Amino acid sequence: MPLNSLPTITQQFESFDTGRGTSQPAWVRNYRKDAFAEFRATGFPTARKNNELWKYTNVSPIASTEYKFPATEANKILETENYDLPCPRVYQIVFVDGKYAPLLSSQPSRNVTDEAGVITAYAENPIVGRLADGIENQNPLVKKSLGQPSSMEMKHFVALNASFLDDGAFVYIPNNTHVAEPIYLLFISTGTGETASYPRTLVVTGENSSATVLQSFEGLGNQSYFTNAVTEVIAGQNSYLSLYNFQRENNLSSHVSSTYIEQYRGSQVDSISIDIGGHLTRRDIKSKLLEPDSKIKLYGLYYGSANQHIDNHTYVEHMVPYTSSEEVYKGILAQNSTGVFVGDVYVHPKAQKITANQINKNILLSQSSKVYTQPKLQIFADDVVCTHGAAVGQLDLDAIFYMKSRGINELLAKQLLLKGFTSDILQAVIHDALRQYLEQATLNALGEEIYV
43 MPLNSLPTIT
53 QQFESFDTGR
63 GTSQPAWVRN
73 YRKDAFAEFR
83 ATGFPTARKN
93 NELWKYTNVS
103 PIASTEYKFP
113 ATEANKILET
123 ENYDLPCPRV
133 YQIVFVDGKY
143 APLLSSQPSR
153 NVTDEAGVIT
163 AYAENPIVGR
173 LADGIENQNP
183 LVKKSLGQPS
193 SMEMKHFVAL
203 NASFLDDGAF
213 VYIPNNTHVA
223 EPIYLLFIST
233 GTGETASYPR
243 TLVVTGENSS
253 ATVLQSFEGL
263 GNQSYFTNAV
273 TEVIAGQNSY
283 LSLYNFQREN
293 NLSSHVSSTY
303 IEQYRGSQVD
313 SISIDIGGHL
323 TRRDIKSKLL
333 EPDSKIKLYG
343 LYYGSANQHI
353 DNHTYVEHMV
363 PYTSSEEVYK
373 GILAQNSTGV
383 FVGDVYVHPK
393 AQKITANQIN
403 KNILLSQSSK
413 VYTQPKLQIF
423 ADDVVCTHGA
433 AVGQLDLDAI
443 FYMKSRGINE
453 LLAKQLLLKG
463 FTSDILQAVI
473 HDALRQYLEQ
483 ATLNALGEEI
493 YV
């Protein structure tokens, strides 16, 4: 860890712990202190000492920058900036530079509380709101669940995020509850200086429930900043969760996202991650299939141009028999951009009768763009069906020539081919209006200059 960043981070932690942190419950303060001790011990990750997990991504630009806490007031966001989703939703939680923005949020309160304001029971309707409220109100579900899925890897960026645990989003879908419209969690970085934010999201789905959660990370301004986000998911029995992550930070930012998922009997989680922004992006998704008949689908799209670096790591752990996983990641890389995909499936000895499929495909649009792809299987059971593969190539020149001969200009021909390349992943978005919104956003990311 570069010495010029550690004193700043330590000073920030001590200032936070003796300031805002004093109002937190003892269990949260202890959790943060333990996390900071782990961060000091592990530091920022490097590729040294055979650290394969960070072999292709150099985080020294993050480690060597003395990021500050943002001073922006959460509600002071440009009114001309429109982040409105083109589809109805009942719940919308907005954070600006890591701070809750109540005027931009919509969070109906349906908790059952006693006279002191402490939650004593859950209503039949979902709880979607601030994580800080759940902590302050001593919500038993928050206390039980927070930090549980990510405990498997309390080091590096996850430990740093936990050290500054303050606020974030909390989503609880009660048993037998089905939320038809997307739950929208919006994290905006104003890009007004070299600042750092540490968003945290906790999603818990009850038995026989279903919901769609969209996390959108948007960036403004023309200065560098750092977003270090952690998402934890606990999927109850026979629940269904669509979890979408859309990242469109500004082109000078660094974005690190770590998602941890625990799944129980009969649950299904469909994850779709789309990365089109940021200068340096690292996304980790790790899932544990803890009980039979649990399923996970991990889909991802990443678009790189200029000097962008986009790194996706997935890790699926089949703990028991009769579980399944499916991974499809696709990248489009132009100019001097770099893509990384490392997918790891671990099958335990007792995990017989499982199915695991994994594929990564990439299109390079320039001679200087590159991708590192490494799908992996670690199988310690003998009655399984597992596949993995990877492919890297260019656009089909014959197909482009054919379309040009039919009166289609070259730019449109390339756009059509790329749209077809990504269509299977975007078609997995179950809400029509939301799918169209994401399709247009990804198409806009492919500006004309990247085809040159």
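So the mapping is simple: my numbering equals the position in the sequence shown, first residue as 1, plus 42.
By construction, the Cβ of each residue, glycine as well, lies at the ideal position given by its N, Cα and C atoms.
None of these values were measured; they are calculated from a predicted model.
Subject >> Assigned secondary structure, Phe81 (DSSP; H/G/I helix, E/B strand, else coil) >> reply: Position 39 of the sequence shown, counting from 1, holds the residue named residue 81. The answer is helix: DSSP assigns Phe81 an H, G or I state.
**OP:** Please name the residue, chosen from Ile225, Pro241, Pro224, Glu223, that lies closest to Ser231 on a Cα-to-Cα basis.
**Re:** Numbered from 1 along the sequence shown, position 189 holds the residue referred to as residue 231. Among Ile225, Pro241, Pro224, Glu223, the Cα nearest to that of Ser231 is on Pro241.
Original post:
Do Asn292 and Gly233 have their C-beta atoms within less than 7 angstroms of each other?
Top reply: Residue numbering aside, residue 292 sits at position 250 when the sequence shown is read from its first letter. Residue numbering aside, residue 233 sits at position 191 when the sequence shown is read from its first letter. In this structure, Gly233 lies closer than 7 angstroms to Asn292 by Cβ.
Original post:
What residues in its chain sit with their C-beta under 6 angstroms from that of Val358, if we drop five residues either side in the sequence?
Top reply: Taking the sequence shown and counting its residues from 1, one reaches residue 358 at position 316. For Val358, where only same-chain residues beyond five positions count, the Cβ hits under 6 angstroms are Ser329, Ser367, Val387.
Original post:
Tell me which same chain residues have a C-beta within less than 6 angstroms of the C-beta of Gly33, skipping the five on either side of it?
Top reply: One cannot answer for residue 33 here, as it falls past the ends of the chain, which runs 43 to 494.
Original post:
Rounded to whole angstroms, how far is the Cβ of Thr99 from the Cβ of Asp353, which I believe are closer than 8 angstroms?
Top reply: Looking up residue 99 in the sequence shown gives position 57. Looking up residue 353 in the sequence shown gives position 311. Indeed they touch by this definition, with Cβ atoms about 5 angstroms apart.
Subject >> Run of the beta strand (DSSP E) containing Tyr345, from where it starts to where it stops >> reply: Along the sequence shown, read from residue 1 onward, the residue named residue 345 stands at position 303. Tyr345 -> beta strand (DSSP E) spans 337-346.
Subject >> Extent of the continuous alpha helix (DSSP H) to which Leu268 belongs >> reply: Taking the first residue of the sequence shown as 1, we reach residue 268 at position 226. Rather than Leu, the amino acid found at residue 268 in this sequence is Phe. Segment 268-277 is the beta strand (DSSP E) holding Phe268; no alpha helix (DSSP H) there.
Original post:
How far does the alpha helix (DSSP H) with Glu452 in it reach, from first residue to last?
Top reply: As a first step, residue 452 must be located in the sequence shown, where it is residue number 410. Per DSSP, Glu452 belongs to the alpha helix (DSSP H) from 452-468.
Subject >> Cutoff 6 angstroms; reference Val384; Cβ partners in own chain excluding five residues on either side >> reply: Here residue 384 corresponds to residue number 342 of the sequence shown, with the count starting at 1. The residues are His355, Gln416.
Original post:
Out of Asn486, Phe206, Thr269, which has the shortest C-alpha to C-alpha gap to Ile51?
Top reply: Taking the sequence shown and counting its residues from 1, the one referred to as residue 51 is at position 9. For the residues Asn486, Phe206, Thr269, the minimum Cα distance to Ile51 belongs to Phe206.
Subject >> Distance CB(His360)-CB(Ile396) smaller than 7 angstroms >> reply: Here the question's residue 360 lines up with position 318 in the sequence shown. Here the question's residue 396 lines up with position 354 in the sequence shown. For His360 and Ile396, yes; Cβs fall inside 7 angstroms.
Original post:
For the alpha helix (DSSP H) that contains Ile177, what are its first and last residues?
Top reply: Start at 1 with the first residue of the sequence shown, and residue 177 comes out as number 135. Unbroken alpha helix (DSSP H) run through Ile177: 173-178.
**OP:** Find the nearest neighbour of Gln305 within the set Tyr341, Gln190, Lys197, His321, judged by alpha-carbon distance.
**Re:** By 1-based counting over the sequence shown, the position of residue 305 is 263. The shortest Cα separation from Gln305 among Tyr341, Gln190, Lys197, His321 belongs to Gln190.
Original post:
How do the region 69-82 and the region 187-203 stand: do at least 3 beta-carbon pairs fall below 8 angstroms, yes or no?
Top reply: yes
Original post:
According to the Cβ coordinates, are Gln436 and Leu406 closer than 7 angstroms?
Top reply: On the sequence shown, residue 436 is found 394 positions in, with the first residue counted as 1. On the sequence shown, residue 406 is found 364 positions in, with the first residue counted as 1. Contact: yes.
**OP:** Have a look at Ser315, Gln180, Thr88 and flag the residue whose alpha-carbon is nearest the alpha-carbon of Ala68.
**Re:** The sequence position of residue 68 within the sequence shown is 26, counting from 1. Looking at the Cα atoms, Gln180 is the closest of the given residues.
**OP:** Identify, in the order they occur along the chain, each residue of the same chain with its Cβ nearer than 6 angstroms to the Cβ of Phe288, setting aside the five sequence neighbours on each side.
**Re:** As a first step, residue 288 is located in the sequence shown; it is residue number 246 there, counting from the start. These residues qualify, in order along the chain: Ser258, Ile316.
Original post:
Taking C-alpha atoms, which residue in Arg82, Leu227, Thr107 lies nearest to Ser148?
Top reply: Locating residue 148 in the sequence shown gives position 106, where the first residue counts as 1. The residue with the shortest Cα to Cα distance from Ser148 is Leu227.
**OP:** State buried or exposed for Gln469, treating a residue as buried only when at least 16 other CB atoms are found within 10 Å of its CB.
**Re:** Walking along the sequence shown from the start, residue 469 turns up at place 427. Looking at its Cβ environment, which holds fewer than 16 other Cβ atoms inside 10 Å, Gln469 is exposed.
Original post:
Which value, in whole angstroms, describes the spacing of the CA atoms of Leu476 and Leu485?
Top reply: To locate residue 476, count along the sequence shown from 1; it is residue 434. To locate residue 485, count along the sequence shown from 1; it is residue 443. Rounded to whole angstroms, Leu476 to Leu485 spans 14 angstroms at the Cα level.
**OP:** Give the DSSP bridge partners of Phe229, in chain order.
**Re:** Position 187 of the sequence shown, counted from the first residue, corresponds to residue 229. Phe137, Phe259, per the DSSP bridge assignment.
Original post:
Nearest to Ala432 by alpha carbon, out of Asn402, Leu283, Leu419?
Top reply: As a working note, residue 432 is residue 390 in the sequence shown. It is Asn402.
**OP:** State the start and end residues of the unbroken alpha helix (DSSP H) segment that holds Val200.
**Re:** Counted from its first residue, the sequence shown places residue 200 at position 158. Where Val200 is concerned, the enclosing alpha helix (DSSP H) stretches over 198-205.
**OP:** List the DSSP bridge partners of Lys412.
**Re:** Start at 1 with the first residue of the sequence shown, and residue 412 comes out as number 370. In the DSSP output, where bridge partners are listed per residue, Lys412 has Thr380.
**OP:** Report the three-state DSSP secondary structure of Glu236 (helix, strand or coil).
**Re:** Here residue 236 corresponds to residue number 194 of the sequence shown, with the count starting at 1. The answer is coil: DSSP assigns Glu236 none of H, G, I, E or B.
Original post:
Which partner residues of Ile472 appear in the DSSP bridge assignment?
Top reply: Walking along the sequence shown from the start, residue 472 turns up at place 430. Note: Ile472 sits in no beta bridge, so no partner.
Subject >> Classification of Leu480 by the beta-carbon crowding that lies within 10 angstroms, buried from 16 upward >> reply: As a first step, residue 480 must be located in the sequence shown, where it is residue number 438. So Leu480 ends up on the buried side.
**OP:** Excluding the 5 residues preceding and the 5 following Gln420 in the sequence, name in chain order all residues of the same chain whose CB lies nearer than 8 angstroms to its CB.
**Re:** Looking up residue 420 in the sequence shown gives position 378. Within the same chain, Gln420 has close Cβ partners Asp386, Val387, Tyr388, Val389.
**OP:** For Tyr302, collect the residues of the same chain with a Cβ closer than 6 angstroms to its Cβ; drop the 5 residues on either side in sequence, then sort them by chain order.
**Re:** As a first step, residue 302 must be located in the sequence shown, where it is residue number 260. Hits under 6 angstroms: Pro191, Ser192, Glu274, Lys328.
Original post:
With 16 as the cutoff for other CB atoms within 10 Å, does Gly61 come out buried or exposed?
Top reply: As a working note, residue 61 is residue 19 in the sequence shown. With fewer than 16 Cβ atoms within 10 Å of its Cβ, Gly61 is classed as exposed.
Original post:
Would His220 be called buried (16 or more neighbouring beta carbons within 10 Å of its own) or exposed?
Top reply: For the purposes of this step, residue 220 is taken as the residue at position 178 of the sequence shown. Flag for His220 reads exposed.
Original post:
Does DSSP classify Ala398 as helix, strand or coil?
Top reply: Position 356 of the sequence shown, counted from the first residue, corresponds to residue 398. Strand, per DSSP.
**OP:** Going by CA-CA distance only, name the one from Pro103, Asp440, Gln54, Asn167 that's closest to Phe111.
**Re:** Taking the sequence shown and counting its residues from 1, the one referred to as residue 111 is at position 69. When each option's Cα is compared against that of Phe111, the closest is Gln54.
Original post:
Which one or two residues does DSSP pair with Arg324 in a beta bridge?
Top reply: In the sequence shown, counting from the first residue as 1, residue 324 sits at position 282. According to DSSP, Arg324 bridges with Val298, Asp353.
**OP:** Could you spell out where the alpha helix (DSSP H) holding Gln54 opens and where it closes?
**Re:** Here residue 54 refers to the residue found at position 12 when the sequence shown is read from its first residue. 48-60 is the span of the alpha helix (DSSP H), which, as asked, contains Gln54.
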